[in-house]
Amino acid sequence: MRQNWATGAVVGLAIALAAAEDASSAEGRWGTLTSSPSMPFDPKTKQPCALWYNNDGDESCADVVSETWTDMVDFLRWNPSIDGVCENFKKGQSYCLDARAAEVGTSSSERPTSTTTKPATTTQPDNGIMTPSPTQPGMVANCGKFTLVRRYDKCEYIAQNFGISLQDFLAWNPKVGKDCAGLETEKYACVSVSSHVTSTATSSTTTASTTEPATTTTAGNGIETPQPTQPGMVTDCNKFYRVSKGDTCDKITSSSRISPSDFARWNPNVGDKCTGLWADTYACVGVVGGPPPIPSSTTTTTTTAAPTWTMPSNGIATPQPTQPGMVGNCVKFHYISKGNTCDQITSYQQISQRDFARWNPNIGESCTGMWADAYACVGIAAFSLKTKYHGGCTGDVYNNVVVKPGEGYCMNTDCQVGSLDIDADGLCPDGEVQLSYWEQPGCVGQWYGYGYADKGACRGLWTNGDKFKAIHLRCARKEDDCVSKGSCTCDFEPQNKVC
Numbered sequence: 192m193r194q195n196w197a198t199g200a201v202v203g204l205a206i207a208l209a210a211a212e213d214a215s216s217a218e219g220r221w222g223t224l225t226s227s228p229s230m231p232f233d234p235k236t237k238q239p240c241a242l243w244y245n246n247d248g249d250e251s252c253a254d255v256v257s258e259t260w261t262d263m264v265d266f267l268r269w270n271p272s273i274d275g276v277c278e279n280f281k282k283g284q285s286y287c288l289d290a291r292a293a294e295v296g297t298s299s300s301e302r303p304t305s306t307t308t309k310p311a312t313t314t315q316p317d318n319g320i321m322t323p324s325p326t327q328p329g330m331v332a333n334c335g336k337f338t339l340v341r342r343y344d345k346c347e348y349i350a351q352n353f354g355i356s357l358q359d360f361l362a363w364n365p366k367v368g369k370d371c372a373g374l375e376t377e378k379y380a381c382v383s384v385s386s387h388v389t390s391t392a393t394s395s396t397t398t399a400s401t402t403e404p405a406t407t408t409t410a411g412n413g414i415e416t417p418q419p420t421q422p423g424m425v426t427d428c429n430k431f432y433r434v435s436k437g438d439t440c441d442k443i444t445s446s447s448r449i450s451p452s453d454f455a456r457w458n459p460n461v462g463d464k465c466t467g468l469w470a471d472t473y474a475c476v477g478v479v480g481g482p483p484p485i486p487s488s489t490t491t492t493t494t495t496a497a498p499t500w501t502m503p504s505n506g507i508a509t510p511q512p513t514q515p516g517m518v519g520n521c522v523k524f525h526y527i528s529k530g531n532t533c534d535q536i537t538s539y540q541q542i543s544q545r546d547f548a549r550w551n552p553n554i555g556e557s558c559t560g561m562w563a564d565a566y567a568c569v570g571i572a573a574f575s576l577k578t579k580y581h582g583g584c585t586g587d588v589y590n591n592v593v594v595k596p597g598e599g600y601c602m603n604t605d606c607q608v609g610s611l612d613i614d615a616d617g618l619c620p621d622g623e624v625q626l627s628y629w630e631q632p633g634c635v636g637q638w639y640g641y642g643y644a645d646k647g648a649c650r651g652l653w654t655n656g657d658k659f660k661a662i663h664l665r666c667a668r669k670e671d672d673c674v675s676k677g678s679c680t681c682d683f684e685p686q687n688k689v690c
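By my numbering, the letter at position 348 of the sequence shown is numbered 539, and the numbering carries on one by one without gaps.
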């Protein structure tokens with residue numbers, strides 16, 4: 192693997208946008224990350240895309256996704272030409288790594304509504320539904336929507352693509368089995384049953400079903416009420432919202448300036464997780480004597496370019512431009528498009544408004560200072576550090592390391608690291624920066640045990656870095672490790688140095 196991807200300047204998010212480059216200089220460049228594609232790309236790629244990888248063939252699909260901290264499900268959705276196992280990741284093509292801006296305010300993912308392959312034959316069972324053939328053995332009789340299973344398809348990918356839970360998919364295709372071992376290729380699987388509401392896994396971004404409910408209710412309080420309404424809607428509603436296909440609860444509450452809890456209370460069948468939202472019906476967004484509209488948190492972005500921008504100096508590659516005043520230890524970024532709101536962004540990223548304001552202080556908790564066409568911080572590091580050649584944190588910096596919350600990182604020392612200069616900022620509590628020493632690069636071979644360090648401290652390495660070639664770093668409590676619990680033992684210290 193090349194130096195700039197893993198063993199060299201290790202960064203939390205390997206982004207180097209073309210905004211920081213001359214656009215013409217990116218033409219024809221290979222293995223780069225740019226804000227516009229430098230190579231041919233599939234026309235079905237999600238647009239607009241804020242970040243592209245120009246594939247020189249040096250990295251595997253999985254490595255690119257992992258090392259840029261892109262979610263594989265998102266990557267496959269944004270690049271529909273890629274199959275579920277990345278086997279057709281083609282050299283000489285550009286691929287999208289960030290199309291989140293195109294999806295804010297709608298579902299967290301766009302789901303295909305039908306298979307693109309026309310079935311060879313269809314049958315019409317007793318339920319009147321035209322059913323393609325052949326189907327998965329044991330498939331339920333009331334299936335209303337089908338997909339042809341291709342080679343390399345997996346149960347979880349199919350469920351994610353069609354916005355259903357894995358549990359539902361297995362229930363509708365019971366012979367597949369919990370381990371998905373019974374999934375048969377070139378046969379149709381059921382991805383929705385009659386009267387089932389399709390929803391995504393993320394509650395706040397669940398989209399409305401396109402099927403109308405069988406019955407509707409009419410308010411008897413004298414208020415003129417449009418029809419049909421959401422089943423179970425309260426009878427004292429005096430303000431209504433027509434739900435269209437693709438609408439989400441977040442979108443409705445944001446545009447109507449009401450809280451999600453009020454919306455769920457006034458439309459109880461929709462539910463707190465937005466799983467019962469019907470399209471082509473009216474939902475209640477206001478009641479007689481109800482609360483006033485929510486003001487500031489739904490403030491939208493200005494379209495004026497920000498006057499100045501900051502660039503963190505901690506070794507984290509950061510897309511440009513950023514929100515003014517953004518924190519320096521950010522590891523996850525979100526591109527702000529015109530019209531985006533803080534509510535949309537925090538809901539999409541599943542972070543609190545308080546954290547969002549703390550990481551982007553110029554935006555503020557009232558969301559009055561958010562700039563369009565700039566990146567905001569939506570996640571900071573567990574901890575970050577610089578590796579130094581000598582003990583006592585002196586000598587040259589060998590590399591910069593950023594460890595994301597909930598993740599670990601294997602760092603090859605290459606006999607060039609004697610101490611760690613750990614930054615004070617980060618989500619990891621003091622004393623919980625865990626160091627795990629390994630004999631060989633890649634964190635394999637003999638294992639020599641754990642060490643722990645505080646943030647904001649200089650941590651000298653075991654044997655001054657002379658008897659090991661890799662360290663695994665993560666945030667963890669000492670009392671939870673296997674040595675402290677007595678469930679494992681480390682190998683003996685080697686007699687000879689390896690460096």
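Here a beta-carbon is modelled for each residue, glycine too, at the ideal position from N, C-alpha and C. As the structure is a computational prediction, the values presented were derived from the model and not from experiment.
Considered as a whole, the stretch 567 to 648 harbours 574 to 579, 588 to 594, 599 to 603, 610 to 613, 624 to 631 and 635 to 644 as its complete beta strand (DSSP E) runs of no fewer than 3 residues, in chain order. Residue 646 is positioned such that its CB atom lies closer than 7 Å to that of residue 615.
Residue state for residue 288 is assigned as strand, using DSSP reduced to three classes. Apart from sequence neighbours up to five positions away, the residues of its chain that approach residue 428 with a beta-carbon distance below 6 Å are 475 and 478, ordered along the chain.
In this structure residue 510 is in contact with residue 242, their Cβ atoms being roughly 7 Å apart against a cut-off of 8 Å. The C-alpha of residue 442 lies about 11 Å from the C-alpha of residue 432. Residue 467 holds the alpha-carbon nearest to the alpha-carbon of residue 421 among 594, 379 and 467. For the set 676, 558, 541 and 684, the Cα lying nearest the Cα of residue 548 is the one of 558. Under the three-state reduction of DSSP output, residue 446 falls in the helix class. Around the beta carbon of residue 372, fewer than 16 other beta carbons lie within 10 angstroms, which makes this residue exposed.
Per DSSP, the unbroken beta strand (DSSP E) holding residue 381 starts and ends at 379 to 384. Between residue 577 and residue 605, the CB-CB gap reaches or exceeds 7 Å. Put simply, the stretch 586 to 599 does not touch the stretch 525 to 545. Fewer than three CB pairs are less than 8 Å apart. For secondary structure counted as the alpha helix (DSSP H) over 4 or more consecutive residues, the stretch 219 to 258 holds these complete runs in sequence order: 252 to 258. By the neighbour-count criterion, in which 16 or more other beta carbons inside 10 Å mark a residue as buried, residue 668 falls on the exposed side.
Of all C-beta pairs linking the stretch 628 to 635 to the stretch 579 to 593, fewer than three are shorter than 8 Å, placing the two stretches out of contact. A distance below 7 Å separates the beta carbons of residue 269 and residue 237.
Considering only 565, 683, 656 and 232, the residue with the shortest C-alpha distance to residue 287 is 232. In the structure shown, residue 270 adopts coil according to DSSP, grouped into three states. Excluding residues up to 5 positions away in sequence, 633, 634, 661 and 663 lie with their Cβ nearer than 7 Å to the Cβ of residue 601 in the same chain. The closest CA to that of residue 419, considering only 384, 469 and 446, is found on 469. When DSSP states are grouped into helix, strand and coil, residue 520 belongs to the coil group. The three-state reading of DSSP puts residue 324 in strand, counting E and B together. Taking residue 447 as the centre and dropping the five residues before and after it, the same chain places the C-beta of 432 and 476 closer than 7 Å to its C-beta, in chain order. For residue 533, the uninterrupted alpha helix (DSSP H) run begins and ends at 533 to 540, by DSSP.
Within the same chain, 327, 349, 374, 375, 376, 377, 378, 379 and 380 come within 8 Å of residue 340 by CB-CB distance, once the 5 residues on both sides are set aside. In chain order, 628, 674 and 681 place their CB closer than 7 Å to the CB of residue 640, counting only its own chain and leaving out the 5 sequence neighbours on each side.
DSSP places residue 673 inside the alpha helix (DSSP H), whose first and last residues are 673 to 676.
Annotation: the continuous alpha helix (DSSP H) that includes residue 548 extends over 544 to 550.
Taking each of 573, 568 and 609 in turn and checking the Cα distance to residue 588, the smallest one comes out for 609. The continuous alpha helix (DSSP H) containing residue 360 extends over residues 357 to 363.
With a contact defined as Cβ atoms closer than 8 Å, residue 240 and residue 280 miss out at about 16 Å.
In this structure residue 687 does not touch residue 582 by the C-beta definition: roughly 20 Å separates them, more than the 8 Å allowed.
A straight-line Cα-Cα distance of about 22 Å links residue 619 and residue 567.
When DSSP reads this structure, residue 475 sits in a beta bridge with 431. Shown here, residue 661 sits in a strand according to DSSP, grouped into three states.
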